[in-house]
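If you count by the working numbering, then the sequence shown holds residues 18 to 416, one letter each, in order. Below is one structure, written out as structure tokens; comments come after it.
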Amino acid sequence: MMQPFDARLGAELAGFRRDGVYKRLLYLDSPQAPRARMEGIGEVIVLSSNNYLGLCNVPEVVAAGKAALDRFGAGTASVRFICGTFTVHRLLEQACARLVGTAASLSFVSCWNANEAVPGTLLGENDIVISDQLNHASIIDGIRLAKAITKCQTAVYRHADLTDLTEKLVAAKDRRVRMVVTDGVFSMEGAIAKLPELADICRKHDAVLVVDDSHATGVLGKTGRGTAEHFGMVGEVDIITSTLGKALGGAAGGFVASSANVCDYLTQRARPQLFSNALPPTVAASALASVEYLEQHPERVEQLRQNTRYFRDQLLASGFKPIPGETPIVPVILGETAKAIEMSNQLLAEGVFVTGFGYPVVPQGQARIRCQVSAAHSRDDLDQALSAIRTVGQRLGIV
Ligand SMILES: Cc1ncc(COP(=O)(O)O)c(C=O)c1O
Numbered sequence: 018m019m020q021p022f023d024a025r026l027g028a029e030l031a032g033f034r035r036d037g038v039y040k041r042l043l044y045l046d047s048p049q050a051p052r053a054r055m056e057g058i059g060e061v062i063v064l065s066s067n068n069y070l071g072l073c074n075v076p077e078v079v080a081a082g083k084a085a086l087d088r089f090g091a092g093t094a095s096v097r098f099i100c101g102t103f104t105v106h107r108l109l110e111q112a113c114a115r116l117v118g119t120a121a122s123l124s125f126v127s128c129w130n131a132n133e134a135v136p137g138t139l140l141g142e143n144d145i146v147i148s149d150q151l152n153h154a155s156i157i158d159g160i161r162l163a164k165a166i167t168k169c170q171t172a173v174y175r176h177a178d179l180t181d182l183t184e185k186l187v188a189a190k191d192r193r194v195r196m197v198v199t200d201g202v203f204s205m206e207g208a209i210a211k212l213p214e215l216a217d218i219c220r221k222h223d224a225v226l227v228v229d230d231s232h233a234t235g236v237l238g239k240t241g242r243g244t245a246e247h248f249g250m251v252g253e254v255d256i257i258t259s260t261l262g263k264a265l266g267g268a269a270g271g272f273v274a275s276s277a278n279v280c281d282y283l284t285q286r287a288r289p290q291l292f293s294n295a296l297p298p299t300v301a302a303s304a305l306a307s308v309e310y311l312e313q314h315p316e317r318v319e320q321l322r323q324n325t326r327y328f329r330d331q332l333l334a335s336g337f338k339p340i341p342g343e344t345p346i347v348p349v350i351l352g353e354t355a356k357a358i359e360m361s362n363q364l365l366a367e368g369v370f371v372t373g374f375g376y377p378v379v380p381q382g383q384a385r386i387r388c389q390v391s392a393a394h395s396r397d398d399l400d401q402a403l404s405a406i407r408t409v410g411q412r413l414g415i416v
């Protein structure tokens, strides 16, 4: 049985290669940073990382992980309610709640798990969850799972279309709970959710608002508290999910931040909590140090904003047309997948690491390269990357 099965997968993989959509893994042989050492290539400028604040490698974050390894060992060797949980988890959860402005938070081994836990645990048969069309895959899969487990209803509204959302909420007025889920920052576009309008609509239609702030935590708002701070609405989002694997140290992990009851209910019933190990203490301690670092260094967030503005302005001045916006996610649409992959390959040959994205990650015909700016990029890093982007863009006839 295994042999034909394996052969079929091999044939499909060959098809991916033939179609130019095969993703090869690129190995770094140094910490994630504005400049990293890539196996087989040498030093590259990294414009393809969610290390928005450059915290992956700051000494405080690394030292906290090492100290936690010495103090707690590698882990508890089972799930939290069975084997106990480490005090550093409680400190981390208090810090995450403080950062995003909620009463409580609960950590998960990934934001993927957090997004899976929310609808599948908090909704039931008489409820509905309504999701933005461009939400992250983890939200989509979390909702699919919720539908299968709880028999809740599901609906999708056109991206950022408030009229469509309102119509769907009106149609769902008899449901016990209406839950609306949106990304805070949409990862492939860099667009910011229309939070004031969404919160208003949710209030009017008595709906629970869930915002996945994975690309906004540490990024948006004057002090990096996320989409809510960006709009002056800290404390007004019902449920926030976010990752510890991007701006907050970049290792792994995620959390749900909300009321004490929501977090306690998830502790009691969320299957990724009950049947999977906790975040390793090393990772929890590094993430905690990252939150504390962010609280003490709001100037990093301002630096990120300045770097983003500079990078976007320079791209425009060179004739590129990035999707307009103000977040450090700067996508340039190129059309066909093969073109995005070709540009990414040529940039890598010039020592600049930028990923090309094609179908099915983004819609057909909207393949793109996605540049991501960090607070840790120096002007020299950005200028060198921009020069390579210009050279390759001219070579490929893009500008
Ligand atoms: C919007 C969004 N939500 C959730 C996730 C998943 O986060 P994690 O890596 O912590 O599972 C990602 C990661 O790409 C994301 O972009």
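We put the beta carbon where it would ideally sit given N, CA and C, even for glycine. These numbers come from a predicted model, not from an experiment.
Point to revise | Assigned exposure category for A28 - 16 Cβ within 10 Å defines buried | key: exposed
Exercise for review: Look up R195 in the DSSP assignment and say whether it is helix, strand or coil.
Suggested key: strand
Point to revise | Separation of V79 from T171, as counted between CA atoms | key: Distance between the alpha carbons of T171 and V79: 42 Å.
Practice item. Grab the span of the beta strand (DSSP E) containing Y39 for me, first residue to last. Key: No beta strand (DSSP E) contains Y39, which DSSP labels as neither H nor E.
Review point. Between the stretch 348-359 and the stretch 378-385, do three or more beta carbon pairs fall short of 8 Å?
Key: yes
Point to revise | Cβ shell of L237 (< 6 Å), same chain only, five flanking positions each side left out | key: Beyond the five residues adjoining it in sequence on each side, L237 comes within less than 6 Å, by CB distance, of G243, T244 and H247 in the same chain, given in chain order.
Exercise for review: To the nearest angstrom, report how far apart V347 and V371 are at their CA atoms.
Suggested key: 11 Å
Exercise for review: Please determine if the stretch 159-174 and the stretch 121-135 are in contact, where contact requires at least 3 C-beta pairs separated by less than 8 Å.
Suggested key: Contact check between the stretch 159-174 and the stretch 121-135: three or more CB pairs, one atom from each, fall below 8 Å, which counts as touching.
Exercise for review: Alpha carbon to alpha carbon, how far is V390 from T260? Give it in angstroms, no decimals.
Suggested key: 18 Å
Point to revise | Any non-hydrogen atom of ligand 1 closer than 6 Å to D200 Cβ | key: Annotation for D200 indicates a beta carbon within 6 Å of some heavy atom of ligand 1.
Practice item. Can you tell me which of the three DSSP states A50 falls into? Key: coil
Review point. Could you give the residue range of the beta strand (DSSP E) that holds L2?
Key: Because the chain in this structure spans residues 18 to 416, residue 2 falls outside the shown range and cannot be described.
Point to revise | Inter-residue Cα distance where the pair is I218 and L226 | key: 10 Å
Check your understanding: Since G271 sits in a beta bridge, which residues does DSSP pair it with?
Key -> F125 and T260
Point to revise | Ranges of the beta strand (DSSP E) found wholly within the stretch 173-238, counting only runs of at least 3 | key: 195-200 and 224-229
Practice item. State yes or no: is the C-beta of T299 within less than 7 Å of the C-beta of A85? Key: yes
Review point. Does the distance from the C-beta atom of G141 to that of T167 stay below 7 Å?
Key: In contact: G141 and T167 (Cβ atoms closer than 7 Å).
Practice item. Under 8 Å by Cβ, that's how I've got S124 and H106 pegged, so tell me the actual separation to the nearest angstrom. Key: 6 Å
Review point. Does ligand 1 have even one heavy atom less than 6 Å from the beta-carbon of S231?
Key: yes
Exercise for review: Using a threshold of 7 Å, state whether the C-beta atoms of R193 and D144 are closer than that.
Suggested key: yes
Review point. In the stretch 278-363, which residue ranges form an unbroken beta strand (DSSP E) of at least 3 residues, counting only runs that do not cross its ends?
Key: Taken in chain order, the whole beta strand (DSSP E) runs of length 3 or more contained in the stretch 278-363 are 346-352.
Practice item. Note the first and the last residue of the continuous beta strand (DSSP E) segment covering A384. Key: A384 to Q389
Practice item. Please report how far the alpha carbon of P21 lies from the alpha carbon of N130, in whole angstroms. Key: 33 Å
Point to revise | Helix, strand or coil at M19 according to DSSP, with G and I counted as helix | key: Correct three-state label for M19: helix.
Exercise for review: Flag S204 as yes when its Cβ comes closer than 6 Å to any non-hydrogen atom of ligand 1, and as no otherwise.
Suggested key: yes
Point to revise | the stretch 394-408 / the stretch 362-371 touching (three or more Cβ pairs under 8 Å) | key: The stretch 394-408 is in contact with the stretch 362-371.
Review point. CB of H106 to nearest heavy atom of ligand 1: below 6 Å?
Key: no
Check your understanding: If we ignore side chains and look at the alpha-carbon of each, how far apart do G241 and I415 end up?
Key -> 34 Å
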